[in-house]
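Note that the protein sequences, when read in sequence, are chains A and B. Heads up: the first sequence at position 48 corresponds to 162 in my numbering, and the numbers run straight through without jumps. Heads up: the second sequence at position 82 corresponds to 196 in my numbering, and the numbers run straight through without jumps. Contents: one structure, followed by commentary.
2 protein chains.
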Amino acid sequence: MSDTKIYLPESDIPRHWYNVIPDMPTPPQPYLGPDGKPITGAAMEAIFPPAIIEQETSSERWIPIPEPVREALTLWRPSPLIRARRLEQALNTPAKIYFKYEGVSPAGSHKPNSAVAQAYYNAEAGIKRLTTETGAGQWGSSLALAGQMFGLDVRIYMVRISYEQKPYRRSMMETWGGEVIPSPSNHTQAGRDALAQDPDSNGSLGMAISEAVEEAASRGDTNYALGSVLNHVLLHQTVIGLEAKRQMEIAGDYPDVVFAPCGGGSNVGGIMFPFLADKAAGRDLRLVAVEPASCPTLTRGHFAYDYGDSVGLTPMMKMYTLGHDFMPPGIHAGGLRYHGDSALVSQLYHDGVLEARSVHQTATFQAGVLFARTQGIIPAPESAHAIRAAVDEAVQAREEGRERTILFTLSGHGHFDMSAYDRYFAGELEDMDYPTEALETAKANLPKVEG
Amino acid sequence: MSDTKIYLPESDIPRHWYNVIPDMPTPPQPYLGPDGKPITGAAMEAIFPPAIIEQETSSERWIPIPEPVREALTLWRPSPLIRARRLEQALNTPAKIYFKYEGVSPAGSHKPNSAVAQAYYNAEAGIKRLTTETGAGQWGSSLALAGQMFGLDVRIYMVRISYEQKPYRRSMMETWGGEVIPSPSNHTQAGRDALAQDPDSNGSLGMAISEAVEEAASRGDTNYALGSVLNHVLLHQTVIGLEAKRQMEIAGDYPDVVFAPCGGGSNVGGIMFPFLADKAAGRDLRLVAVEPASCPTLTRGHFAYDYGDSVGLTPMMKMYTLGHDFMPPGIHAGGLRYHGDSALVSQLYHDGVLEARSVHQTATFQAGVLFARTQGIIPAPESAHAIRAAVDEAVQAREEGRERTILFTLSGHGHFDMSAYDRYFAGELEDMDYPTEALETAKANLPKVEG
Numbered sequence: 115m116s117d118t119k120i121y122l123p124e125s126d127i128p129r130h131w132y133n134v135i136p137d138m139p140t141p142p143q144p145y146l147g148p149d150g151k152p153i154t155g156a157a158m159e160a161i162f163p164p165a166i167i168e169q170e171t172s173s174e175r176w177i178p179i180p181e182p183v184r185e186a187l188t189l190w191r192p193s194p195l196i197r198a199r200r201l202e203q204a205l206n207t208p209a210k211i212y213f214k215y216e217g218v219s220p221a222g223s224h225k226p227n228s229a230v231a232q233a234y235y236n237a238e239a240g241i242k243r244l245t246t247e248t249g250a251g252q253w254g255s256s257l258a259l260a261g262q263m264f265g266l267d268v269r270i271y272m273v274r275i276s277y278e279q280k281p282y283r284r285s286m287m288e289t290w291g292g293e294v295i296p297s298p299s300n301h302t303q304a305g306r307d308a309l310a311q312d313p314d315s316n317g318s319l320g321m322a323i324s325e326a327v328e329e330a331a332s333r334g335d336t337n338y339a340l341g342s343v344l345n346h347v348l349l350h351q352t353v354i355g356l357e358a359k360r361q362m363e364i365a366g367d368y369p370d371v372v373f374a375p376c377g378g379g380s381n382v383g384g385i386m387f388p389f390l391a392d393k394a395a396g397r398d399l400r401l402v403a404v405e406p407a408s409c410p411t412l413t414r415g416h417f418a419y420d421y422g423d424s425v426g427l428t429p430m431m432k433m434y435t436l437g438h439d440f441m442p443p444g445i446h447a448g449g450l451r452y453h454g455d456s457a458l459v460s461q462l463y464h465d466g467v468l469e470a471r472s473v474h475q476t477a478t479f480q481a482g483v484l485f486a487r488t489q490g491i492i493p494a495p496e497s498a499h500a501i502r503a504a505v506d507e508a509v510q511a512r513e514e515g516r517e518r519t520i521l522f523t524l525s526g527h528g529h530f531d532m533s534a535y536d537r538y539f540a541g542e543l544e545d546m547d548y549p550t551e552a553l554e555t556a557k558a559n560l561p562k563v564e565g
Numbered sequence: 115m116s117d118t119k120i121y122l123p124e125s126d127i128p129r130h131w132y133n134v135i136p137d138m139p140t141p142p143q144p145y146l147g148p149d150g151k152p153i154t155g156a157a158m159e160a161i162f163p164p165a166i167i168e169q170e171t172s173s174e175r176w177i178p179i180p181e182p183v184r185e186a187l188t189l190w191r192p193s194p195l196i197r198a199r200r201l202e203q204a205l206n207t208p209a210k211i212y213f214k215y216e217g218v219s220p221a222g223s224h225k226p227n228s229a230v231a232q233a234y235y236n237a238e239a240g241i242k243r244l245t246t247e248t249g250a251g252q253w254g255s256s257l258a259l260a261g262q263m264f265g266l267d268v269r270i271y272m273v274r275i276s277y278e279q280k281p282y283r284r285s286m287m288e289t290w291g292g293e294v295i296p297s298p299s300n301h302t303q304a305g306r307d308a309l310a311q312d313p314d315s316n317g318s319l320g321m322a323i324s325e326a327v328e329e330a331a332s333r334g335d336t337n338y339a340l341g342s343v344l345n346h347v348l349l350h351q352t353v354i355g356l357e358a359k360r361q362m363e364i365a366g367d368y369p370d371v372v373f374a375p376c377g378g379g380s381n382v383g384g385i386m387f388p389f390l391a392d393k394a395a396g397r398d399l400r401l402v403a404v405e406p407a408s409c410p411t412l413t414r415g416h417f418a419y420d421y422g423d424s425v426g427l428t429p430m431m432k433m434y435t436l437g438h439d440f441m442p443p444g445i446h447a448g449g450l451r452y453h454g455d456s457a458l459v460s461q462l463y464h465d466g467v468l469e470a471r472s473v474h475q476t477a478t479f480q481a482g483v484l485f486a487r488t489q490g491i492i493p494a495p496e497s498a499h500a501i502r503a504a505v506d507e508a509v510q511a512r513e514e515g516r517e518r519t520i521l522f523t524l525s526g527h528g529h530f531d532m533s534a535y536d537r538y539f540a541g542e543l544e545d546m547d548y549p550t551e552a553l554e555t556a557k558a559n560l561p562k563v564e565g
């Protein structure tokens with residue numbers, strides 16, 4: 115029997131990222147500033163290095179990966195493509211199920227793929243420090259690791275309630291040399307204002323973004339780094355799909371359908387964009403983003419210009435959105451709890467290139483536990499969304515008595531999410547659909563944009 | 115530049131375990147029963163299946179690995195051998211440092227290597243349930259996973275204080291379908307007696323062993339499984355060293371020295387035994403077990419017959435021991451906090467085939483953090499003992515200006531040990547040497563054995 119795990123040599127780490135923009139039926143709409151006009155690269159220079167700004171709007175299909183970034187990626191890449199034979203057997207399905215496993219990175223998810231690239235370009239530009247925000251800690255720990263690798267100090271504004279409730283992710287960031295500050299803090303004007311209003315504030319991701327951006331914008335030696343949503347982040351993640359295509363070739367297979375969990379879009383972009391060209395060339399291939407029913411950005415959101423953060427500090431992006439004043443429900447897939455979505459993923463979904471579906475929380479944990487009991491790996495709750503969709507597809511294949519080749523991305527392990535599994539086993543998780551009234555309110559509150 | 119990570123195809127998972135007994139200068143002394151006489155295989159049948167009992171005393175050098183066990187191992191094996199280039203650079207050493215990374219298993223350590231074998235043999239023998247004990251949870255989670263794979267129910271007696279303080283390891287066991295019982299419990303006479311004495315008892319590993327063994331001995335459908343110390347466990351772990359030898363060949367290198375953390379001996383046996391034959395054949399090779407200075411079993415213990423547990427329920431084994439009434443100090447490498455050591459490792463150390471050294475707690479965390487900051491992976495505190503020794507060796511090579519090839523086993527990741535890193539960063543960890551008086555007392559309290 116052929117190997118269930120397909121590894122590639124390090125020389126097969128891609129030499130170029132794949133930029134989807136030239137292959138999009140409709141190019142993404144420009145980001146708009148507060149004046150409603152497209153923002154310029156110069157406006158971004160306060161917080162991003164030139165190479166990143168260039169990548170954000172590049173029309174080159176292939177962008178070279180610098181050798182030091184490839185070398186950093188060798189710590190965990192190429193990641194394995196794994197045939198989930200035990201899951202197939204448990205489902206008694208004629209479908210073949212493959213997953214690309216990104217939990218092998220030191221931080222336990224796909225996030226470091228972009229973190230090392232961003233750290234490299236900032237170091238090259240003479241930057242000494244990076245700031246960022248983190249909620250559950252996946253991105254913050256990835257950037258702490260990447261900063262350590264390229265000699266940058268990293269300050270992470272961590273939502274205070276997470277700082278207190280998730281001490282292990284904080285320890286992880288500190289182990290890699292990151293400085294973790296509970297937000298709101300006294301380090302920024304935004305933080306001081308918030309504390310003046312409420313000294314016991316729990317904080318929010320929007321507030322943490324404000325603090326990180328304010329500090330980066332006000333210091334010449336300091337830039338800001340974001341872990342999803344923006345074009346350059348999705349670009350860096352395409353190593354996932356490029357490797358997966360090569361590995362599927364080695365397996366002698368090609369997917370009929372690809373699933374990825376969808377929050378800000380970095381998983382969807384990472385695995386799916388490299389398959390897009392084949393689809394454009396006529397290949398019968400479904401690319402399906404999977405999101406929580408409680409945060410149904412693509413499946414029920416508005417396709418409109420909206421802010422990237424909750425308080426309106428960022429540029430406006432044309433995207434699917436639940437409204438920037440979205441109140442995230444208390445689900446455990448923290449990485450999918452974002453009101454908007456990447457402009458690239460949004461436009462491709464709008465144009466029918468990508469599909470989307472939503473799943474409920476308990477059904478995702480049920481699939482996650484089935485996966486753990488068959489394949490061993492305990493998935494992150496975010497990743498379990500893709501597993502749920504893959505399992506449903508495999509069951510459908512069984513019911514229809516048809517073969518099918520399924521590929522999904524297992525974006526990370528759940529070692530820091532065991533309290534969510536605890537709550538699942540205790541029957542404490544609730545399923546909710548995002549309320550229709552809230553969608554109406556969000557629509558009314560969208561920023562007004564000309565044209 | 116050649117790959118830093120060396121993977122093998124699944125067909126290179128060893129087809130035989132290597133049994134060190136035929137190659138030992140002195141064979142291990144027999145286990146003794148309460149009457150001071152060697153215990154028979156028949157006496158072990160109440161809690162172990164025949165195949166395991168046979169392996170415990172086999173004189174065959176090579177023991178075939180059943181295909182279903184090899185197939186179970188494919189979930190994570192062969193594990194990678196990794197060249198720690200970034201660590202070498204940070205140390206500016208001429209030494210080459212390789213590590214065999216066992217943290218890729220779903221449970222995050224080497225423990226499942228034996229768990230799947232034990233689960234298989236018990237299922238083959240018609241056993242329906244397994245019991246075991248767990249402290250920090252590494253072994254319990256490994257057996258829960260293995261039981262799930264071979265259709266066995268697994269009940270884990272977890273030391274009550276750990277059950278309460280380490281809820282995430284408990285969730286992990288439950289995710290794999292294990293039943294976790296805080297010990298002492300009302301399920302056994304031993305537990306009921308303990309609770310009658312102290313209803314608020316924190317429990318101990320010795321008590322949990324007593325409960326697990328009592329239940330297994332009293333039920334025909336139930337056996338017991340142990341995660342270290344015994345010959346068959348070390349045998350199952352030799353896949354580590356067998357793979358590592360093949361991988362070193364591919365790397366075109368051979369180790370001058372091999373380090374492994376040493377608690378019950380399963381890491382030492384796993385990586386080192388397959389190298390022993392080369393040493394016996396004249397190869398200049400050092401094999402060094404690394405243990406905590408606070409629990410210096412090999413380096414300061416007595417070589418004598420002693421009980422395997424703290425209350426004297428198990429057979430007596432000829433081993434290095436700090437005394438079965440050893441009070442474990444509160445160090446964070448829970449897996450190394452055992453009063454005794456495998457009979458095989460003890461005899462080989464006594465005969466000068468293996469060396470041993472001890473290291474202090476803060477020095478191990480210092481090495482663990484250096485490793486995390488260079489190689490990314492955050493090591494388990496147990497594994498950091500081997501890293502400490504490897505780093506010292508590499509520094510010595512630099513000081514002497516000599517090349518050297520170092521191999522160590524990175525037995526697991528530290529994702530469930532971040533609170534220990536927290537305490538390290540907070541400066542709360544203490545170094546201690548095991549008190550000489552306690553060694554004297556232990557000597558006086560050793561069981562009296564004829565001859």
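Using N, Cα and C, we set each Cβ at its ideal position, and we do this for glycine too. All values reported here derive from a predicted model rather than from experimental measurement.
| Check | Outcome |
| --- | --- |
| Anything in chain B within Cβ reach of K119 (chain A), meaning under 8 Å, just list it in chain order. | E124, T188 |
| Pick from A:F264, A:G291, A:G422: whose alpha carbon is nearest that of M321 (chain A)? | A:G422 |
| If I measure Cβ to Cβ from S276 (chain A) and keep anything under 7 Å in the same chain, skipping five residues before and after, which residues do I get? | G249, A250, G251 |
| Between the Cα of L553 (chain A) and the Cα atoms of A:D439, A:S533, A:T476, A:Y538, which residue gives the shortest distance? | A:D439 |
| For the beta strand (DSSP E) holding Y215 (chain B), just list the boundary residues, first then last. | 210-215 |
| Which full runs of the beta strand (DSSP E) of 3+ residues lie inside the stretch 328-404 of chain B, going along the chain? | 336-338, 371-375 |
| In the DSSP assignment, find the beta strand (DSSP E) that holds Y524 (chain A) and state where it starts and stops. | The displayed chain sequence assigns Leu, not Tyr, to residue 524 (chain A). Segment 519-524, the beta strand (DSSP E) holding L524 (chain A). |
| By the 10 Å Cβ neighbour count, where 16 or more other Cβ atoms means buried, how is S456 (chain B) classified, buried or exposed? | buried |
| With distances taken Cα to Cα, identify the nearest neighbour of H416 (chain A) among A:R283, A:A558, A:Y132, A:A540. | A:A558 |
| Extract the residue ranges of the alpha helix (DSSP H) inside the stretch 295-331 of chain A, only unbroken runs of 4 or more that lie entirely within it. | 303-311 |
| Which word fits P410 (chain B), buried or exposed, when buried means at least 16 other C-beta atoms lie within 10 angstroms of its C-beta? | buried |
| Can you tell me whether W176 (chain A) is buried or exposed, with buried defined as 16 or more other CB within 10 angstroms of its CB? | exposed |
| In chain order, what residues of the same chain have a beta carbon less than 8 Å from the beta carbon of P208 (chain B), not counting five sequence neighbours either side? | A511, R512, G515, R516, E517, R518 |
| Taking a contact to mean a Cβ-Cβ separation below 9 Å, would you say G444 (chain B) touches A494 (chain B) in this structure? | no |
| Identify the residues that DSSP records as bridge partners of D547 (chain B): which are they? | Note: D547 (chain B) sits in no beta bridge, so no partner. |
| Taking only beta-carbon positions, decide if F417 (chain A) is within less than 9 Å of chain B. | no |
| Using a C-beta cutoff of 9 Å, does V218 (chain B) count as contacting chain A? | yes |
| Quick one: does R200 (chain B) have its CB under 9 Å from some CB of chain A? | yes |
| Below 6 Å CB to CB, which residues in the same chain sit around A229 (chain A) once its five sequence neighbours on both sides are set aside? | S256, L257, A260 |
| Closer than 7 Å by C-beta to A504 (chain A): which residues in its own chain qualify, once you throw out the five before and the five after it? Chain order, please. | I211, F373, I520, F522 |
| Along chain A, in chain order, which residues have C-beta atoms closer than 7 Å to that of A486 (chain B)? | T289, W290 |
| Just the C-alpha distance for S219 (chain B) and R191 (chain B), rounded to the nearest angstrom, thanks. | 8 Å |
| Considering Cα atoms alone, identify which of B:V353, B:Y132, B:K119, B:L266 is closest to R197 (chain B). | B:K119 |
| So, with DSSP's three-state summary, where would you put T246 (chain A)? | strand |
| Could you tell me which whole alpha helix (DSSP H) segments of length 4 or greater appear in the stretch 215-291 of chain A? | 226-238, 252-263, 274-279, 281-289 |
| Is the separation between the beta-carbon of T435 (chain B) and that of A556 (chain B) shorter than 9 Å? | yes |
| Roughly how many angstroms separate the alpha carbons of S297 (chain B) and S116 (chain B), rounded to a whole number? | 50 Å |
| Under three-state DSSP, which class holds I491 (chain A)? | coil |
| Label Q303 (chain B) either buried or exposed according to how many other C-beta atoms from any shown protein chain fall within 10 Å of its C-beta, with 16 as the threshold for buried. | exposed |
| What first and last residue would you give for the beta strand (DSSP E) that runs through P178 (chain B)? | 176-178 |
| Might you give, ordered along the chain, the residues of its own chain that have their beta carbon closer than 7 Å to the beta carbon of L356 (chain A), omitting 5 neighbours on each side? | P128, Y132, P388 |
| Compute every distance between the C-beta of Y421 (chain A) and the non-hydrogen atoms of the ligand MG, then say whether any falls below 8 Å. | No copy of the ligand MG occurs in the structure displayed, which carries no ligand at all. |
| For F530 (chain A), return the contacting residues in chain B, with the cut-off set at a CB-CB distance below 8 Å. | H529 |
| If you count every other CB in all the chains shown that lies within 10 Å of the CB of T154 (chain B), and 16 or more means buried, which is it? | exposed |
| Alpha carbon to alpha carbon, how far is R487 (chain A) from P148 (chain B)? | 41 Å |
| Which residue or residues does DSSP assign as beta-bridge partners of S173 (chain B)? | Answer by DSSP bridge pairing: none, since S173 (chain B) is not bridged. |
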